[in-house]
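Below is one structure, written out as structure tokens, with a few remarks after it.
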Amino acid sequence: MQTSGWIQLAVYVVVLVAITKPMGLYLMRVLDANGKTWFDPILKPLEQLSYRLMGVDAGKEQDWKQYTFAMLLFSAVSLLFTYAILRLQNILPLNPQGLGAVSRDLAFNTAASFTSNTNWQSYSGETTMSYFSQMVALVIHNFVSAAVGIAIAAALVRGIARNSAKTIGNFWVDLVRITYYLLLPICVVFAVFLVSQGMIDNFKPYTHAKLVEPYKISVAKTDDKGQPVLDKDGKPVMEEQTVDEQLIVQGPMASQVAMKMLGTNGGGYVNANASHPFENPTPLSNFFQMLSIFSIGSGLTWYLGRMVNNQKHGWTVWATMLILFLAGTLLCWHSEAAGNPIHQKLGVAAADGNMEGKEVRFGIFNSALFATITTDASCGAVNSMHDSFTGLGGFVPLFNIQLGEVIFGGVGAGLYGMLVFVVLAVFIAGLMVGRTPEYLGKKIESYEVKMAMLALLILAIDILAFSAWAVVSKWGLAGLNNSGPHGLSEMLYAYSSGTGNNGSAFAGLNANTPWYNTTLGIAMLIGRFLMIVPILAMAGALARKKVAPAGAGTFPVSGGTFVILLIGTVLLIGALNFLPALTLGPIVEHFLTLQGKLF
Amino acid sequence: MTQKPPSLFDWNIVGPAIVDAFKKLDPRLMVKNPVMFVTQVGAALTTIAIWAPSGERGFIAQLAVWLWFTVIFANFAEAVAEGRGKAQANTLRKARKDTIARRLRKNVEEQVPAPELQKGDLVVCEAGDIIPADGDVVEGIASVDESAITGESAPVIRESGGDRCAVTGGTRVLSDRIVIRITMEKGQGFLDRMISLVEGAQRQKTPNEIALTILLAALTFIFLLVCVTLKPFGIYSNAVFSVPVLVALLVCLIPTTIGGLLSAIGIAGMDRVLQRNVMAMSGRAVEAAGDVDVLLLDKTGTITLGNRMATAFLPAPNVKTERLADAAQLASLADETPEGRSIVVLAKEKHNLRGREVAEPHAKFVPFSAQTRMSGVDFGDGNGSVKRQIRKGAADAIVQWVAEQGGQSDKAILKGVDEISRTGGTPLVVAEGREVLGLVHLKDIVKGGIKERFAHLRKMGIRTVMITGDNPLTAAAIAAEAGVDDFMAQATPEQKLKRIRDEQSAGHLVAMTGDGTNDAPALAQADVGVAMNTGTQAAREAGNMVDLDSNPTKLLDIVEIGKQMLITRGALTTFSIANDVAKYFAIIPAMLMATFPAIAPLNIMHLHSPTSAILSAVIFNALIIVALIPLALRGVKYTPIGALRTLQRNLLIYGLGGVIVPFIGIKVIDMIITGMHLV
């Protein structure tokens, strides 16, 4: 754990603090239907035109049921839209590589994945998706699925802040305003910055480059149908191939990458995601990509504080997130820096730790930091292979996801997920001050508890039930490249990532099979939309309640005690459920590695 | 009813409770408590597994026994809590003897059994009779022994009309004769309701209890899922998890501690309220009391002693204080009002003037009347003419009287009148003939210790509002002296009701005490309405609590009990959830040790063997329920030190304690059972 790492970590935290308030202030304007922004002269006409086209009365707010219906309707339509484009990719324009239509299950998986802000990719972008698919079918979701998440968070915060109100905002207005005023402008600036760092953005066909040093590899021989040819022992026949040419990917990358990070989408333009030199060219691009992941989630905590007239509460939630973030980072960094004891025994270890699956350009610290950030938030972009992390190093991303990605979290999703824990913390510990639990003056009663627990229940069922099915079914085991605890981790990670709408993977798993595509697609949709319904129901119930004025007996939701309480709740209520499974996966692996076993 | 709480483990309660604990194993009853129901099903599955072919029969049998104990201990907690109520119900039942009522029909008395009385019937009760049912006195006055209900042996006066007309079935008339109109339907009398309340027959879960049950049920469901999915994960990992072991893990993870004690906490809370001689109509009311943040109190009898008292003599210029005191005393000798008596007492205390014989020759007392607004004494000279005339009364009345005598009032007197009024006191002017002697300062006396109680309330986060019929000036002065936060002067029933509604719409929870019929609407509107037992039937019907001692500051106790109930629930829930950490460290390594010996370092408690580890965790889980029964019945202590400090203290004790205690407990149990070679 080198000094340079500590300095970078400090710089990261300082910059994050610095942008939180400005982002929060700006969110206040964007999320207020009548808020004024600098972009009004350009975007206001566009905003109003959009309402007219959709037939939306922007002045009319919705109750939680209407809001939920609008959100589900919009998501369903956009899911079908994406599915259709992917299936028709071969006859649609902007396809210089002549890529074929995407298969049914993969198209479903991908449509579900991008609609739910997961961006799990069972495919390699560069060999599967045309420019048109990337730019229209996928990028559109990078914007709108992020906007949906932020809208839900805003609706919940309104529910908490309002006094005896029936409505929680207008979904269409939120969607349009967030997309136009928040995501588009930042994205344009960020994309230009990324281009300045050397990221590509073009419509050129892929470049063929002659290698300076051609080399030979042996690959499995395949027949006409693409099946491996087997010898008489059933082993694949290998043949030598000379590699003298490299195919270099091109395309509209910067515009997509800016949004993939800012909207915590995470779906890479290329398969290697942010470890690819085009997708993450410089240390500066790496830093700002990491920063952009947390930027909106962090700003939303400030928005929460301002909306409920208790800025300390906003910062308290922020501080809770920061502490959990730092703990994860340090554990991951420490484990990776400690490296692999087996390599060390063999004398082949890299000097500074476990470098397997890491970009040399980023090294141990930036890989560990990126992995922690991308899983704290439901981003899922990666600049290293989580699959190659040590037992405990890999435990951190998996654990982060299973906590519900509430550490700054996916845009919007992180805040509303954390607020579920806040409600539960207030309920359990609130009793201990001798009053019916109150959150910011609103009584937490059976309905709110029911909805909060429902959200947790859905998270737990979705992850555990699908993973348990995978580990004992032939379809699940078929995708496995690694055996033992590591294989379990891979499957557990896949469904955690899907349910949590993260999208990153323990890449040892071959999940591009009809069974994985379908089950993961369902897991992603459940993890996103089934979770949102109880949360919006809670928003509606909270909005209707009267606000009790604060007094000496009021439960304090700010300050150090609440931070500790909230951390305890997140860890005890959120994580205990997954500990037995985690023990069989990364934890056992950690101990076995110490004894010299690898998987 | 006993004033003293029964000791926690009175054999008369514990004996039947043990029997009840087994009776409650009926699954139809158990299913109401999801956490313990799951435990019971687990215990049954483990019991069946004893006969399955396995080499660990002794271990599984012990596991089964302890799992059953877990359920039985929880049932026992509930049974003990109920038993305490039953003991009280039996005392009450004795009061409801099958009385013969003397019913009046067309002025003719007839004897009917009490249960046959209808609402609206008239009954006669004379000295020695037991009042057959709840009703209002419509004729006569009597002293009544209400000790059967209140435990207070001093008799109380009940009379027709006014605010003291309500009588309760089961109480005994000690003197005189009264006619009572029955106001309750059969079986719905005060005593009947009280019995069913203390027996828990009508017990319904309170809103907060329901919310907590949902939380616990959801946690139980999640852990059920965790244990069920562990089986396939085990199959993948080549680790065999037997049903008893999975059940053990499940029972240890689900919140059995709070699940087992939840209903006992509620029952015991109601019971504690009753021990303070307050009858709460529902647990909901007690729970609401814990949330109260505005308290409306009547001034008279609650904050002040109820009557104005003379506190000082202020003589006019050139008049000696002794002369004023003497005259004032003479004028008050025959005055039986509390104010009059207080003047006599004050003169005696301050100036050592003995109360003289009232029958002084030729003295004629002039009683107070609403028209003259003064009282006094005339001394004759024996010949029918008046020698000396002394008057005391309202300032303007005396000033006028003096003027009629041809005298004049000093300006200093009028100034004194103003000053006394401004400080909230009542000035009485004393005059003899044409001469004004001075003023008597009457004032409300604030009860001793009341200021401290209000300070106490303020610390609890409760704002007190004094309600009084006094003018705003007087009210403000008393409010300042008593240390209430706010007051309502010249309050009418409509204004009281409006005030409560306003407070409620501002988000406050309002408690109110009252006794009069004109308090009834406000008592009904308040979230917690405490009616005095001496109050009218209307008031007692309107409130959701009746204070049998008619002590308005009792509300403080109720608020504390309400808070204690909530704190106890929160504390045990936190404790229960925090316990899971240690149980994980006990059971998970034990489950995996056979397949992955490498994870031995996870066994941080160094438990002897996998079986001893699992058994220890289960035993700890069962015993902790018994260990916490006294806490559940007594409630966690509440001290008003502010929400933050209360939270910090309880988080430290029950949160951190909940993490640490099981580590120690499980280790100790492991050492014991290993030492005894049980595993």
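As you go down the protein sequences, you meet chains D and R in turn.
Offset between the first sequence (1-based) and the working numbering: plus 4.
Offset between the second sequence (1-based) and the working numbering: plus 57.
In this text, a Cβ means the ideal position worked out from N, Cα and C, and glycines have one as well.
For this session: Below 6 Å CB to CB, which residues in the same chain sit around R/T59 once its five sequence neighbours on both sides are set aside?
Result: Because the pLDDT at R/T59 is just 40, under 50, the model does not fix this residue reliably, and the value given afterwards should be weighed accordingly. Closer than 6 Å at the Cβ level, and outside the excluded window around R/T59, lies no residue.
For this session: Check whether the Cβ of D/S450 lies closer than 8 Å to any Cβ atom in chain R.
Result: For D/S450, the answer is yes, since a Cβ of chain R falls inside 8 Å of its Cβ.
Problem set entry | Residue range of the unbroken beta strand (DSSP E) whose run includes R/I198 | Its beta strand (DSSP E) spans residues I198 to D202.
For this session: Using three-state DSSP, classify D/Y273 as helix, strand or coil.
Result: In this structure, D/Y273 counts as coil in the three-state DSSP scheme.
Exercise. In three-state terms, what does DSSP make of R/R329?
Worked result: Secondary structure of R/R329 (DSSP, three-state): helix.
Exercise. Would you call the CB atoms of R/A488 and R/I455 closer than 8 Å?
Worked result: Yes; because the gap between Cβ atoms is below 8 Å, this pair is in contact.
For this session: Please look up how many angstroms separate the CB atoms of D/G332 and D/V400, rounded, as I've assumed it's under 8 Å.
Result: Beta-carbon to beta-carbon, D/G332 and D/V400 are separated by about 5 Å, close enough to satisfy the 8 Å threshold.
Problem set entry | Bounding residues of the alpha helix (DSSP H) (the contiguous stretch that carries R/Q621) | Start and end: L612 to L649.
Exercise. Residues of chain R with CB under 8 Å from D/F559, in chain order?
Worked result: For the C-beta of D/F559, the chain R residues within less than 8 Å are, from N- to C-terminus, A700 and L704.
Problem set entry | Inter-residue Cα distance where the pair is D/A433 and R/L708 | Looking at the two C-alpha atoms, the distance is approximately 8 Å.
For this session: Take every Cβ of the segment 198-217 of chain D, pair it with every Cβ of the segment 64-72 of chain D, and state whether three or more of those distances are shorter than 8 Å.
Result: Using a C-beta cut-off of 8 Å, the segment 198-217 of chain D makes no contact with the segment 64-72 of chain D, since fewer than three inter-stretch Cβ pairs fall below that distance.
For this session: Measuring only between beta-carbons, confirm whether R/H565 sits less than 8 Å from chain D.
Result: At least one beta carbon of chain D lies nearer than 8 Å to the beta carbon of R/H565.
For this session: List the residues that DSSP assigns as beta-bridge partners of D/Y443.
Result: Bridge partners of D/Y443: D/K446.
Exercise. Is the shortest distance between the beta-carbon of R/D614 and the beta-carbons of chain D less than 8 Å?
Worked result: Answer no: the Cβ-Cβ gap between R/D614 and chain D never drops below 8 Å.
Exercise. Can you name the residues that DSSP bridges to R/F544?
Worked result: Its beta-bridge partners are R/M523.
Exercise. Of all the CB atoms in chain R, is at least one closer than 8 Å to the CB of D/R108?
Worked result: By this cut-off, D/R108 is not an interface position.
For this session: Say whether chain D places a C-beta atom closer than 8 Å to the C-beta of R/K508.
Result: Closer than 8 Å: no.
For this session: Check each residue of the segment 429-441 of chain D: if its Cβ is closer than 9 Å to any Cβ of chain R, include it; give the result in chain order.
Result: Per Cβ criterion, the list reads F431, I432, A433, G434, L435, M436, V437, G438, R439, T440 and P441.
Exercise. So which residues on chain R does D/A464 lean against when the C-beta distance must stay under 7 Å?
Worked result: I279 and L282, listed in chain order.
Exercise. Between the segment 79-90 of chain D and the segment 540-554 of chain D, do at least 3 Cβ pairs fall closer than 8 Å?
Worked result: No, the segment 79-90 of chain D does not touch the segment 540-554 of chain D.
Exercise. From which residue to which residue does the alpha helix (DSSP H) around D/M535 run?
Worked result: Taken as a continuous stretch (DSSP letters only), the alpha helix (DSSP H) holding D/M535 covers M535 to R548.
Exercise. Count the other CB atoms within 10 Å of the CB of R/P45; is the residue buried (16 or more) or exposed (fewer)?
Worked result: Any question about residue 45 of chain R goes unanswered here, given that chain R covers just 58 to 736.
Exercise. Can you tell me whether DSSP reads D/C383 as helix, strand or coil?
Worked result: Annotated three-state conformation of D/C383 is coil, per DSSP.
Problem set entry | Cα-Cα separation, D/A14 to D/S8 | So the two alpha carbons sit approximately 10 Å from each other.
Exercise. With 16 other CB atoms within 10 Å as the buried threshold, where does R/R520 fall?
Worked result: By the 16-neighbour rule on beta-carbons within 10 angstroms, R/R520 is buried.
Problem set entry | Under 7 Å (Cβ pairs) to chain D, residues found in the segment 287-308 of chain R | Taking 7 Å as the Cβ-Cβ cut-off against chain D, the residues of the segment 287-308 of chain R that qualify are L287, P289, F290, I292, Y293 and S294.
For this session: Please decide whether R/M58 counts as near chain D, where near means a Cβ-Cβ distance under 8 Å.
Result: Unreliable placement is indicated for R/M58, whose pLDDT of 39 sits below 50; no coordinate value is reported for it.
For this session: Starting from the beta carbon of D/M457, find every residue of chain R whose beta carbon is closer than 9 Å, and list them in chain order.
Result: Within chain R, the residues near D/M457 are I271, L272, A274, A275, L276, F278 and I279.
For this session: Would you kindly report the start and end of the unbroken alpha helix (DSSP H) that includes R/T570?
Result: In the DSSP annotation of this structure, R/T570 is not part of any alpha helix (DSSP H); the continuous beta strand (DSSP E) holding it starts and ends at V567 to G571.
Exercise. Does D/L461 get closer than 8 Å to chain R when you measure Cβ to Cβ?
Worked result: True, the Cβ-Cβ gap to chain R drops below 8 Å.
Exercise. Do you know offhand how far D/W519's Cα is from D/K170's?
Worked result: Computed Cα separation, rounded: 43 Å.
Exercise. Using the beta-carbon of each residue, which ones in chain D are nearer than 8 Å to R/G72?
Worked result: Simply none; closest approach about 33 Å.
For this session: Mind listing the chain D neighbours of R/A628? Cutoff is C-beta to C-beta under 9 Å, in chain order.
Result: What R/A628 touches in chain D: L435 and M436.
Exercise. When DSSP labels each residue in this structure, what does D/Q201 get in the three-state scheme?
Worked result: Three-state result, D/Q201: coil.
Problem set entry | Short CB-CB distance (under 8 Å) between R/P264 and chain D | True, the Cβ-Cβ gap to chain D drops below 8 Å.
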